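Enquirer:
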Amino acid sequence: MDGFLILAIETATGCGSIALTRGDVQAGRLLGECTVQPEVSHSRRLLGSVRWLLDAAGVTWSALDGIGISLGPGSFTGLRIGMAAAKGLAMATGLPLVGVGTLDGIALSCTASRERFCCLLDARKQEVYAAFYNPSERGVAVATGPPVAVRPERLLASLERPVLMAGPGVAVYGDLFRHNPLVRTLPAALAQPRAAHIGFLAAERLEQGRTLDPVTAAPLYVRASEAEVNLGKQQHEQKS
Numbered sequence: 001m002d003g004f005l006i007l008a009i010e011t012a013t014g015c016g017s018i019a020l021t022r023g024d025v026q027a028g029r030l031l032g033e034c035t036v037q038p039e040v041s042h043s044r045r046l047l048g049s050v051r052w053l054l055d056a057a058g059v060t061w062s063a064l065d066g067i068g069i070s071l072g073p074g075s076f077t078g079l080r081i082g083m084a085a086a087k088g089l090a091m092a093t094g095l096p097l098v099g100v101g102t103l104d105g106i107a108l109s110c111t112a113s114r115e116r117f118c119c120l121l122d123a124r125k126q127e128v129y130a131a132f133y134n135p136s137e138r139g140v141a142v143a144t145g146p147p148v149a150v151r152p153e154r155l156l157a158s159l160e161r162p163v164l165m166a167g168p169g170v171a172v173y174g175d176l177f178r179h180n181p182l183v184r185t186l187p188a189a190l191a192q193p194r195a196a197h198i199g200f201l202a203a204e205r206l207e208q209g210r211t212l213d214p215v216t217a218a219p220l221y222v223r224a225s226e227a228e229v230n231l232g233k234q235q236h237e238q239k240s
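Start counting the sequence shown at 1; every next residue gets the next number (the working numbering).
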């Protein structure tokens, strides 16, 4: 067997992508990938892009083994759109749904590193989403903890040894990171969220039986949305 055939969806940032992958990180192949920075929302283009990619690759729905979805953290709207599409496709086709952390996907760009590294996404509000990883001989980095939303200054203050920083969050706070003697940075263009990476990791998780219930699956937001924060403030004001 050549490995699981995965349709992967990545919408955690403004630049979304879908991919068809065969196999896992160690022996996988990319069959096709479509990436676009849309002027309209992901919801307007996503399903049309899925149909186009399947047709272009000559792949039928019955040939797929699973659907991989980037769980987050990332854009709340993008994550909701991607998850809704993935859940709908999984329920309509009966295919297993596999979730992969967005920062785990970015970490595949750093697997050649022999040092600890940190993957970053812009979280807005002067924060970044961050997760630290240790390199692995298997080619799949091992997270040292869950992703967090943190101010970049606080993240830097926590460093005790050299670290490689990678991901779109690096570009947003590049000067701050580059002037820290403990930090090396990977160019943001080399460590973007990619559906292909989600697909390879999803194949590995599918082989391990790590699937999601398409009815209850939800994105990994890490922090409350603006609407939830405002609702909490209103409830607190009403009580007081």
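Quick reminder that beta carbons are idealized off the backbone N, C-alpha and C, glycines included. This structure is a prediction, so every number in the text was calculated from the model and none was measured.
1. What residue ranges within the region 130-214 form continuous alpha helix (DSSP H) runs of no fewer than 4 residues, ordered along the chain?
2. DSSP beta-bridge partners for T35?
3. Give me the Cα-Cα distance between V98 and A149, rounded to the nearest whole angstrom.
4. Hey, quick one: how far does the beta strand (DSSP E) through F117 stretch, first residue to last?
5. Could you check whether the Cβ of V25 sits closer than 6 Å to any heavy atom belonging to the ligand SAM?
6. Mapping the DSSP letters down to three states, classify G243 as helix, strand or coil.
7. Hey, G32 and L46: beta-carbon distance below 7 Å or not?
8. Counting pairs of beta carbons, one from the region 165-183 and one from the region 203-214, are three or more of them closer than 8 Å?
9. Should V163 be labelled buried (16 or more other beta-carbon atoms within 10 Å of its own) or exposed?
10. Cα-Cα, which of Y129, L190, P135, R116 is closest to R161?
11. For A57, name the three-state secondary structure that DSSP assigns.
12. Report yes if the C-beta distance between G68 and I106 is below 7 Å; otherwise report no.
13. Using the rule of at least 16 other Cβ atoms within 10 Å of the residue's Cβ for burial, across every protein chain shown, is G23 buried or exposed?
14. Within the continuous beta strand (DSSP E) that includes L5, where are the two ends?
15. Do S109 and A195 have their C-beta atoms within less than 7 Å of each other?
16. Determine the contact status of G74 and A131, defining contact as a CB-CB distance below 7 Å.
Expert: Working from what's here:
1. Taken in chain order, the unbroken stretches of alpha helix (DSSP H) that lie wholly in the region 130-214 and span 4 residues or more are 152-157, 168-172, 174-178, 195-207.
2. Locating residue 35 in the sequence shown gives position 35, counting from the first residue. T35 is bridged to S17.
3. On the sequence shown, residue 98 is found 98 positions in, with the first residue counted as 1. On the sequence shown, residue 149 is found 149 positions in, with the first residue counted as 1. Taking the CA atoms as reference points, V98 sits about 24 Å from A149.
4. Looking up residue 117 in the sequence shown gives position 117. Looking at the DSSP string, the run of the beta strand (DSSP E) that includes F117 is 117-124.
5. This structure does not include the ligand SAM; it has no bound ligands of any sort.
6. Residue 243 cannot be examined here, being either before or after the span of the chain that is shown, 1 to 240.
7. To locate residue 32, count along the sequence shown from 1; it is residue 32. To locate residue 46, count along the sequence shown from 1; it is residue 46. It is not a contact, given that the beta carbons lie outside the stated cut-off.
8. Using a Cβ-Cβ distance cut-off of 8 Å, the region 165-183 and the region 203-214 are not in contact, since fewer than three pairs of beta carbons, one from each stretch, lie closer than that value.
9. Along the sequence shown, read from residue 1 onward, the residue named residue 163 stands at position 163. By the neighbour-count rule (16 or more Cβ atoms within 10 Å), V163 is buried.
10. The residue you call residue 161 lines up with position 161 of the sequence shown. The shortest Cα separation from R161 among Y129, L190, P135, R116 belongs to R116.
11. Numbered from 1 along the sequence shown, position 57 holds the residue referred to as residue 57. Annotated three-state conformation of A57 is helix, per DSSP.
12. In the sequence shown, the residue the question calls residue 68 occupies position 68. In the sequence shown, the residue the question calls residue 106 occupies position 106. Going by C-beta atoms, G68 is not nearer than 7 Å to I106.
13. Here residue 23 refers to the residue found at position 23 when the sequence shown is read from its first residue. So G23 ends up on the buried side.
14. Position 5 of the sequence shown, counted from the start, is the residue given in the question as residue 5. Here the beta strand (DSSP E) through L5 covers 5-10.
15. In the sequence shown, the residue the question calls residue 109 occupies position 109. In the sequence shown, the residue the question calls residue 195 occupies position 195. Not a contact, by the Cβ cut-off of 7 Å.
16. As a first step, residue 74 is located in the sequence shown; it is residue number 74 there, counting from the start. As a first step, residue 131 is located in the sequence shown; it is residue number 131 there, counting from the start. Contact flag unset, no.
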